[in-house]
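What follows is a short report on a single structure.
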Amino acid sequence: MSFIQNALIGNPFSTPVGSKIEQATDASQASENWALNMEICDIINETEEGSKDAIRAIKKRLSQSAGKDYTVVMYTLTILETCVKNCGKRFHLLTCSKDFVQELVKLLSPKNDPPTVVQEKVLSLIQCWASAFQADQDLLGVNVVYKDLLAKGIEFPATDLDSLAPIHTPRKSVNLPEVVPASAPSPSGSPIPPLDSPNHTGTLTMEQRAKLQSELDVVQSNMNVLGEMLSEVKPGRGERDELDLLQELRAVCQSMQQRLMELISRITNDSLTEELLRINDDMNNLFLRYSRWEKNTVPSASAVIANAIPPTAVAKPALKNDDSLIDLDDDDLADTVNKLGLGDASNFSINAKKGTDEFDMFAQSRNVTYESAKSSGSTYKDNINPDQIPGGISSATRAPEGGGEESVTSSDFERFLAERAAAAENLPTVSATTGPNNPSTLKKETKKKAEDLLA
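Going by this note's numbering, 1250 is the number at position 222 of the sequence shown; the sequence numbering is gapless.
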């Protein structure tokens, strides 16, 4: 049968990941090869067929060794557990399928006579996966098998699911078992056993060895989660709960490292000492990664100051004359008036003040009546010589340079009237065009007053 299967689908161990699985589950090894286990996870994540090839190799390894070599079975189950924790959805779909989980249940068949450690490992994996993937509709096959086993009266190991290493990076802190002295009480009130309790001779019993290996698996799982989070969480961009979990995992790993150093100095088993030293080296590398990550997370002082200071206002380009809202510059006002077609801007700017002074003069002359003119002492001779009248017309037409007084001729007076009329016509463009200062009214009154003065 095996020959026919190999001929049809090929040897499962001939693929890159299959050969690694065969190598990592070799019974001649003193313990699990974690470096090779993590390499298997990388191959599964990086290749399209990695998940299928790995499942085929795992199933083949379990079927070959069931009832024969349970060391190989335990190594294979450890690889399976590691891949579930470190690989993605493609691998989970195959692992949590009903058919594959039932293949695992066959390992517990009485004809295989599995040891207790194998039974507890298989049941613990099924229970853990059923709890972790119960919300995913695509991964409910394992939950179906789990409920069937419960209905048949199968007793699962009493495992605190909250203390298990997470399969996914959790969104909340996970209560991982801390490594503390045996005298320190746990949150539940019972003492937490130390990572290991070797006897005074430095040798371990089989029970102690199994317990130590189980706790080393927890240490390795914590390290894997911390390494994965350091890769996934970008410095300075993580959520608050992710940062808290990172700090908690780092603290747990540091506590475990202290206990590892104590065990290394007390255990005389060479292979176990080598395993502890390897884990310690991996921890040191992990702590270096965490230090670099933390250094990149904390911003420099200059960056803090730069973030605190508001952005410098960039000089805006000068507004065009058309876009100016309020501008009191004479040139801009003249240009604006010229663009609006309200007359000659140059004449407006030059004659504005002059026209205002002349307007004030004629406004005052409106208050002069015939009776007041007689009482002021003005005579016919004074009217003939207007230069003798203080504040008369000659004062308005006198040259600004202060030259000698000249008598006003008819042509000069007509030119004066024309300039005054032009100034009066320009004034309404700035002030209101209604009321007693209407340009047409001012023009008529000015002309009438001028005729009265010449009469």
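Cβ atoms here follow ideal geometry from the backbone N, Cα and C, with glycine treated the same way.
Just to check my reading of the structure: residue i and residue j have Cβ atoms closer than 8 Å, yes? What is that Cβ distance to the nearest angstrom?
| i | j | result |
| --- | --- | --- |
| residue 1247 | residue 1284 | 5 Å |
| residue 1301 | residue 1295 | 6 Å |
| residue 1099 | residue 1055 | 5 Å |
| residue 1303 | residue 1079 | At roughly 29 Å, the Cβ-Cβ gap does not stay under 8 Å, so residue 1303 and residue 1079 are not in contact. |
What residue range does the alpha helix (DSSP H) around residue i cover?
| i | result |
| --- | --- |
| residue 1278 | 1268-1294 |
| residue 1051 | 1044-1052 |
| residue 1147 | 1144-1160 |
| residue 1169 | 1169-1179 |
| residue 1233 | Premise fails: residue 1233 is in no alpha helix (DSSP H) and is neither H nor E. |
| residue 1262 | Unbroken run through residue 1262: none, as it is neither H nor E. |
| residue 1068 | 1062-1074 |
| residue 1078 | 1078-1093 |
| residue 1111 | 1098-1114 |
| residue 1315 | 1298-1325 |
| residue 1132 | 1126-1134 |
| residue 1117 | 1117-1123 |
Can you list, in chain order, the residues of its chain with a C-beta nearer than 7 Å to that of residue i? Leave out the 5 residues immediately preceding and following it.
| i | result |
| --- | --- |
| residue 993 | In the structure as shown, the chain begins at 1029 and stops at 1483. Residue 993 is therefore absent and cannot be evaluated. |
| residue 1332 | Interpretation of residue 1332 is limited by its pLDDT of 45, a score under 50 that renders its predicted location unreliable; the figure taken from the coordinates is listed afterwards. Counting only Cβ-Cβ distances below 7 Å, and skipping sequence neighbours, we find nothing. |
| residue 1136 | 1142, 1147 and 1150 |
| residue 1109 | 1153 |
| residue 1044 | 1071 |
Whole angstroms are fine: how far does the CA of residue j sit from the CA of residue i?
| i | j | result |
| --- | --- | --- |
| residue 1315 | residue 1262 | 16 Å |
| residue 1085 | residue 1323 | 42 Å |
| residue 1138 | residue 1148 | 14 Å |
| residue 1320 | residue 1259 | 12 Å |
| residue 1183 | residue 1325 | 47 Å |
| residue 1255 | residue 1057 | 26 Å |
| residue 1116 | residue 1046 | 18 Å |
| residue 1278 | residue 1311 | 10 Å |
| residue 1075 | residue 1140 | 35 Å |
| residue 1157 | residue 1282 | 28 Å |
| residue 1341 | residue 1275 | Note that residue 1341 has pLDDT 44, beneath the 50 cutoff, so the model's placement of it is unreliable and no number is given. |
| residue 1097 | residue 1089 | 10 Å |
| residue 1299 | residue 1317 | 27 Å |
| residue 1292 | residue 1124 | 38 Å |
| residue 1237 | residue 1289 | 17 Å |
| residue 1305 | residue 1065 | 18 Å |
| residue 1163 | residue 1297 | 44 Å |
| residue 1159 | residue 1242 | 21 Å |
| residue 1245 | residue 1286 | 17 Å |
| residue 1441 | residue 1449 | 12 Å |
| residue 1168 | residue 1107 | 22 Å |
| residue 1280 | residue 1239 | 19 Å |
| residue 1438 | residue 1453 | 22 Å |
| residue 1234 | residue 1144 | 14 Å |
| residue 1178 | residue 1093 | 27 Å |
| residue 1174 | residue 1077 | 28 Å |
| residue 1161 | residue 1266 | 25 Å |
For a quick check, are the C-beta atoms of residue i and residue j less than 8 Å apart?
| i | j | result |
| --- | --- | --- |
| residue 1102 | residue 1150 | no |
| residue 1541 | residue 1121 | Outside the shown range of the chain, which is 1029 to 1483, sits residue 1541, and nothing can be said about it. |
| residue 1170 | residue 1133 | no |
| residue 1024 | residue 1052 | For the chain, the structure presents residues 1029 to 1483; residue 1024 sits outside this window and is missing. |
| residue 1153 | residue 1105 | yes |
| residue 1048 | residue 1249 | no |
| residue 1270 | residue 1251 | no |
| residue 1180 | residue 1131 | no |
Give every residue of the same chain whose Cβ lies closer than 6 Å to the Cβ of residue i, excluding the five residues on either side of it in the sequence, and list them in chain order.
| i | result |
| --- | --- |
| residue 1050 | 1041 |
| residue 1091 | none |
| residue 1095 | 1140 |
| residue 1127 | none |
| residue 1264 | 1325 |
| residue 1268 | none |
| residue 1313 | none |
For residue i, which residues in the same chain have their Cβ closer than 8 Å to its Cβ, ignoring the five residues on either side in sequence?
| i | result |
| --- | --- |
| residue 1036 | For residue 1036, the predicted structure reports a pLDDT of 43, less than 50, and the residue's modelled location is therefore unreliable. A value from the coordinates is still provided. Counting only Cβ-Cβ distances below 8 Å, and skipping sequence neighbours, we find nothing. |
| residue 1185 | 1148, 1151, 1152 and 1155 |
| residue 1172 | 1126 |
Does any C-beta atom of chain B lie closer than 8 Å to the C-beta of residue i?
| i | result |
| --- | --- |
| residue 1157 | The structure shown contains no chain B; it is built from a single protein chain. |
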